[in-house]
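Residue numbers (the numbering used here), protein chains in the order written: chain W, 12 to 385; chain P, -1 to 167.
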Amino acid sequence: MMDGFPLMPDLGLAWLDGSGEHADIVLSTRVRLARNLQGHAFGPRARVNDREAVFRETQGVLPRIQLLEDAVMQPLGELSPRTRKLLLERRLVSGELVGNGDGPGRGTAVVVSPSHPLNVMVNEEDHLRLQALLSGLRLQEAWGLVDRLDEELGQELPFAYHHEFGFLTSCPTNVGTGLRASVLLHLPGLVLTKEIGKVLEGLTQVGLTFRGLYGEGSEVVGNFFQLSNQTTLGKSEEELVDHLDRLVRQVIQYETQARQVLLRDASQVAEDKIWRAYGLLRFARSLSFEELMNLLSGVRLGASLKLLPGLRVYSLNKIMIFTQAAHLEEAAGKELSPSESDLHRAAFVRRILSTEGAVAPDPQTPNSPGDPAE
Amino acid sequence: MNCDGCGKEETVVHLTKMVDKEVRSLHFCHACAAERGLDPTTFAPSSPLSDFLAQMGGEGPAPAPAVKEVPEACGFCHLTFAHFREVGRLGCPHCYTSFESHLRGLLRRVHGGSQHMGKVYLTPDPTQGERLRRLEALRRKLVRAVEAEDFERAAELRDEIRTLEPVGG
Chain W
12 MMDGFPLMPD
22 LGLAWLDGSG
32 EHADIVLSTR
42 VRLARNLQGH
52 AFGPRARVND
62 REAVFRETQG
72 VLPRIQLLED
82 AVMQPLGELS
92 PRTRKLLLER
102 RLVSGELVGN
112 GDGPGRGTAV
122 VVSPSHPLNV
132 MVNEEDHLRL
142 QALLSGLRLQ
152 EAWGLVDRLD
162 EELGQELPFA
172 YHHEFGFLTS
182 CPTNVGTGLR
192 ASVLLHLPGL
202 VLTKEIGKVL
212 EGLTQVGLTF
222 RGLYGEGSEV
232 VGNFFQLSNQ
242 TTLGKSEEEL
252 VDHLDRLVRQ
262 VIQYETQARQ
272 VLLRDASQVA
282 EDKIWRAYGL
292 LRFARSLSFE
302 ELMNLLSGVR
312 LGASLKLLPG
322 LRVYSLNKIM
332 IFTQAAHLEE
342 AAGKELSPSE
352 SDLHRAAFVR
362 RILSTEGAVA
372 PDPQTPNSPG
382 DPAE
Chain P
-1 MNCDGCGKEE
9 TVVHLTKMVD
19 KEVRSLHFCH
29 ACAAERGLDP
39 TTFAPSSPLS
49 DFLAQMGGEG
59 PAPAPAVKEV
69 PEACGFCHLT
79 FAHFREVGRL
89 GCPHCYTSFE
99 SHLRGLLRRV
109 HGGSQHMGKV
119 YLTPDPTQGE
129 RLRRLEALRR
139 KLVRAVEAED
149 FERAAELRDE
159 IRTLEPVGG
């Protein structure tokens, strides 16, 4: 266990690095397990002494958990509201753990590992939420990691378990495996070709559910869709993970086909729109987060189709995370009004794109379509 | 959690509402909830699960005969089944045994089954059945680890399987 939690600027950001399969389409893979300790009421009904006992028991076993040997257990109540929001923007904690308006509840904490893409939320809706968060499509790897952490923790802590219903959770929709595997996909091709409705409808019929960028109840922003398993009981963890993996690969194939249709039927329009989006990002002086996300979606598509040479997925991922409100305030070292945020956001994007941006191809290429020289 | 009305008593009503496009959570004790006209037993369901639960025993199929055996409240956390139907969250691990027969039906409808098929968690004194199911699950994992060429993990699993296997078996 180490101290100095708030001083680590890159903590928990390994999932941004653009590695992993299909990283241009799949931003990240997450697998989480919900676990509760015997003898204590679940989160929503837990009294202060339950919450404190869960905190103490977890803290007590951490030094014996190999996978978390250099991890930090940080009570959320000790952090400033901005730092809590930073963790939320990095997707290391949920809105529920941070607390809506009232601040975090007693005993809430997050355990973050600097050397593994693993973290544990303590005293959320369930006593423990173990999660692995990785870049790209890596469901089996994420499951393997969180499974090992679960094995280690389960040997030290008395988990609530029922011979028939499996691991017991506050909400009956999580009971059994307690497993929620989710993949964050960028699907502009399916949105532009208006196929997305059909695809999502099909997925809900085969046991998957979709959400926006920030999980449950959030809107779809920038053509990002989070797909996850709907049921948690009656199938093994491997079956749930493999099922999601198969379907995500199918969605990626549909998305790739949709992109080919765009390139075939509207290549000039597509290329123009992508470069315009890039131009705005590269030179704008003020950007709202929503506008940024919409432009970034076009630019991400361009990078993936190799229409914006030299632009890396990692740079785009970085822009997405570091231009959120709390990250901008952290960098500025002060609170920012919404209009100030827009200025800081645009400045950050310009700075990244000026050093890591696309290399514009020569406009006089002889074979350019519509070139007047032809 | 303290009551947002009087600041003292334990809260029983949890209200989430939108104020100027922001979600706010409010918590009230029985008395303060009643003052505000919030009756914890007549809340409109706010999530698909509570919608679903509200329909149960209402216009849905007739309740199973086992209903009589279901206690009013969980013996450990005192959550009533009626309250569970409103909030969609169980109170503690004991609720699953207190409301077992009710929950079995619910879980079948939500998940398509009620029998856990995943990892088997070994309590300090496992039954022979639990031991065997855990062995089975570990062997499945071993096959996957070998397929994925994760030999380090495979070796760990093999060791664990050995400790669980019956002597001479």
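Just so it is clear, CB atoms sit at the ideal spot from N, CA and C, and this is done for glycine as well.
Inset, instruction - State whether the region 174 to 186 of chain W contacts the region 134 to 153 of chain W, with contact taken as three or more CB pairs (one from each stretch) at a distance under 8 Å. - result: yes
Inset, instruction - Return helix, strand or coil for Gln142 (chain W), following the three-state DSSP convention. - result: Along the first sequence, read from residue 1 onward, the residue named residue 142 (chain W) stands at position 131. Strand at Gln142 (chain W).
Legend entry - Meets three-Cβ-pair contact criterion under 8 Å: the region 117 to 127 of chain W and the region 60 to 74 of chain W: yes
Inset, instruction - Would you check whether the ligand MG has a heavy atom nearer than 8 Å to the C-beta of Gln166 (chain W)? - result: The model on display carries no ligand, and the ligand MG is accordingly not part of it.
Inset, instruction - Could you have a look at Lys19 (chain P) and say whether DSSP puts it in helix, strand or coil? - result: The sequence position of residue 19 (chain P) within the second sequence is 21, counting from 1. Any reading at Lys19 (chain P) is ruled out, since the residue's pLDDT is 49, under 50, leaving its predicted position unreliable.
Inset, instruction - Would you mind reading off the limits of the beta strand (DSSP E) that contains Gln237 (chain W)? - result: In the first sequence, the residue the question calls residue 237 (chain W) occupies position 226. Per DSSP, Gln237 (chain W) belongs to the beta strand (DSSP E) from Phe235 to Asn240.
Inset, instruction - To the nearest angstrom, report how far apart Glu128 (chain P) and Lys205 (chain W) are at their CA atoms. - result: For the purposes of this step, residue 128 (chain P) is taken as the residue at position 130 of the second sequence. For the purposes of this step, residue 205 (chain W) is taken as the residue at position 194 of the first sequence. Rounded to whole angstroms, Glu128 (chain P) to Lys205 (chain W) spans 50 Å at the Cα level.
Legend entry - the region 275 to 287 of chain W contacting the region 230 to 250 of chain W, beta-carbon criterion three pairs below 8 Å: no
Inset, instruction - Mind checking who Ala146 (chain P) pairs with in its DSSP beta bridge? - result: Counting from one through the second sequence, the residue named residue 146 (chain P) turns up at place 148. Answer is none; Ala146 (chain P) lacks a bridge partner.
Inset, instruction - Name, please, each residue of chain P whose Cβ falls closer than 7 Å to the Cβ of Gly177 (chain W). - result: Reading the first sequence from its first residue, position 166 is the one you call residue 177 (chain W). By Cβ distance, chain P contributes His114 and Gly116.
Legend entry - Cβ-Cβ distance between Leu214 (chain W) and Leu258 (chain W) below 9 Å: Taking the first residue of the first sequence as position 1, residue 214 (chain W) is located at position 203. Taking the first residue of the first sequence as position 1, residue 258 (chain W) is located at position 247. Cβ atoms of Leu214 (chain W) and Leu258 (chain W): closer than 9 Å.
Legend entry - One or two residues paired with Asn130 (chain W) in a DSSP bridge: Here residue 130 (chain W) is taken as the residue at index 119 of the first sequence, counted from 1. DSSP, once it has assigned bridges, lists W:Val123 and W:Gln142 as partnering Asn130 (chain W).
Legend entry - According to DSSP, residues forming a beta bridge with Ala192 (chain W): On the first sequence, residue 192 (chain W) is found 181 positions in, with the first residue counted as 1. Paired residue(s): W:Val42.
Inset, instruction - Would you please verify whether the beta carbon of Gly3 (chain P) is less than 9 Å from any beta carbon of chain W? - result: By 1-based counting over the second sequence, the position of residue 3 (chain P) is 5. No - not a single Cβ of chain W is within 9 Å of the one on Gly3 (chain P).
Inset, instruction - Would you please verify whether the beta carbon of Arg168 (chain P) is less than 9 Å from any beta carbon of chain W? - result: Only positions -1 to 167 of chain P appear in this structure, which leaves residue 168 (chain P) out of reach.
Inset, instruction - Take Pro86 (chain W) and list the residues in its own chain whose beta-carbon comes closer than 6 Å to its own, dropping the five residues that flank it on each side. - result: Here residue 86 (chain W) refers to the residue found at position 75 when the first sequence is read from its first residue. Cβ within range, chain order: Ala120.
Legend entry - Residue from W:Phe221, W:Val217, W:Leu27 and W:Asn328 whose Cα sits closest to the Cα of Gly110 (chain P): On the second sequence, residue 110 (chain P) is found 112 positions in, with the first residue counted as 1. Per the Cα distances, W:Val217.
Inset, instruction - Just the chain W side, please: which residues come within less than 7 Å of Val144 (chain P) by C-beta, in chain order? - result: Residue numbering aside, residue 144 (chain P) sits at position 146 when the second sequence is read from its first letter. What Val144 (chain P) touches in chain W: nothing, since even the nearest Cβ is about 13 Å away.
Inset, instruction - For Val65 (chain P), count neighbouring Cβ atoms within 10 angstroms of its own Cβ and tell me buried if that reaches 16, exposed if not. - result: Working through the second sequence from its first residue, we reach residue 65 (chain P) at position 67. With a pLDDT of 47 at Val65 (chain P), under the threshold of 50, the modelled position of that residue is not reliable, and the figure given next carries that caveat. Result: exposed.
Inset, instruction - Jot down the residue ranges of each uninterrupted alpha helix (DSSP H) in the region 50 to 117 of chain W, minimum 4 residues, whole runs only, in chain order. - result: 59 to 72, 92 to 100 and 106 to 109
Legend entry - Partner residues on chain P for Phe170 (chain W), Cβ-Cβ distance less than 8 Å: Counting from 1 along the first sequence, the entry for residue 170 (chain W) is found at position 159. The answer, in chain order, is Tyr119.
Legend entry - Val280 (chain W) in three-state terms, based on DSSP: Locating residue 280 (chain W) in the first sequence gives position 269, counting from the first residue. Helix.
Inset, instruction - Determine the DSSP secondary structure at His114 (chain P), reduced to helix, strand or coil. - result: Within the second sequence, residue 114 (chain P) is the residue found at index 116, counting from 1. Three-state result, His114 (chain P): coil.
Inset, instruction - Please check the pair Gly31 (chain W) and Gly147 (chain W), which I expect to be a contact at CB under 8 Å, by giving their CB distance rounded to whole angstroms. - result: Residue mapping note: residue 31 (chain W) aligns to position 20 of the first sequence, counting from 1. Residue mapping note: residue 147 (chain W) aligns to position 136 of the first sequence, counting from 1. Confirmed, Cβ separation roughly 2 Å.
Inset, instruction - State the DSSP-derived secondary structure class of Ala206 (chain W), mapped to helix, strand or coil. - result: Taking the first sequence and counting its residues from 1, one reaches residue 206 (chain W) at position 195. The displayed chain sequence assigns Glu, not Ala, to residue 206 (chain W). Looking at Glu206 (chain W) - three-state DSSP - the assignment turns out to be coil, as it is neither helix nor strand.
Inset, instruction - Return the first residue and the last residue of the beta strand (DSSP E) that Leu396 (chain W) is part of. - result: Chain W is shown from 12 up to 385; residue 396 (chain W) falls before or after that span and cannot be answered.
Inset, instruction - Would you tell me roughly how many angstroms separate the C-alpha atoms of Phe359 (chain W) and Arg137 (chain P), rounded to the nearest one? - result: Working through the first sequence from its first residue, we reach residue 359 (chain W) at position 348. Working through the second sequence from its first residue, we reach residue 137 (chain P) at position 139. Their backbone Cα atoms lie some 51 Å apart in a straight line.
Legend entry - Three-state class that DSSP yields for Thr215 (chain W) in the structure shown: Against the first sequence, residue 215 (chain W) aligns to sequence position 204. Helix.
Legend entry - Against chain P: residues of the region 38 to 50 of chain W by CB proximity under 7 Å: Asn47 and Gln49
Inset, instruction - Give a yes or no on whether the C-beta atoms belonging to Phe300 (chain W) and Arg356 (chain W) are separated by under 9 Å. - result: As a position in the first sequence, residue 300 (chain W) is number 289, starting the count at 1. As a position in the first sequence, residue 356 (chain W) is number 345, starting the count at 1. It is a contact, given that the beta carbons lie within the stated cut-off.
Inset, instruction - Report buried or exposed for Gly233 (chain W), applying the criterion of at least 16 other Cβ atoms within 10 angstroms of its Cβ. - result: Counting from one through the first sequence, the residue named residue 233 (chain W) turns up at place 222. It counts as buried.
Inset, instruction - Go ahead and label Ser91 (chain W) buried or exposed: buried means 16 or more other beta carbons lie within 10 angstroms of its beta carbon, across all protein chains shown. - result: As a first step, residue 91 (chain W) is located in the first sequence; it is residue number 80 there, counting from the start. Looking at its Cβ environment, which holds fewer than 16 other Cβ atoms inside 10 Å, Ser91 (chain W) is exposed.
Legend entry - Min CB distance Ser308 (chain W) to chain P below 9 Å: Taking the first sequence and counting its residues from 1, one reaches residue 308 (chain W) at position 297. Chain P contact via Cβ: absent.
Inset, instruction - Can you tell me which of the three DSSP states Lys66 (chain P) falls into? - result: Sequence index remark: in the second sequence, residue 66 (chain P) carries index 68 (1-based). Since pLDDT at Lys66 (chain P) reaches only 49, below the 50 mark, its modelled position is unreliable, and the value read off the structure follows with that caveat. Helix.
Inset, instruction - Would you decide whether Asn60 (chain W) is buried or exposed? Buried here means 16 or more other CB atoms lie within 10 Å of its CB. - result: Along the first sequence, read from residue 1 onward, the residue named residue 60 (chain W) stands at position 49. Flag for Asn60 (chain W) reads exposed.
Inset, instruction - Give the straight-line distance between the Cα atoms of Ala57 (chain W) and Cys72 (chain P), rounded to the nearest whole angstrom. - result: Counting from 1 along the first sequence, the entry for residue 57 (chain W) is found at position 46. Counting from 1 along the second sequence, the entry for residue 72 (chain P) is found at position 74. One C-alpha to the other measures close to 14 Å.
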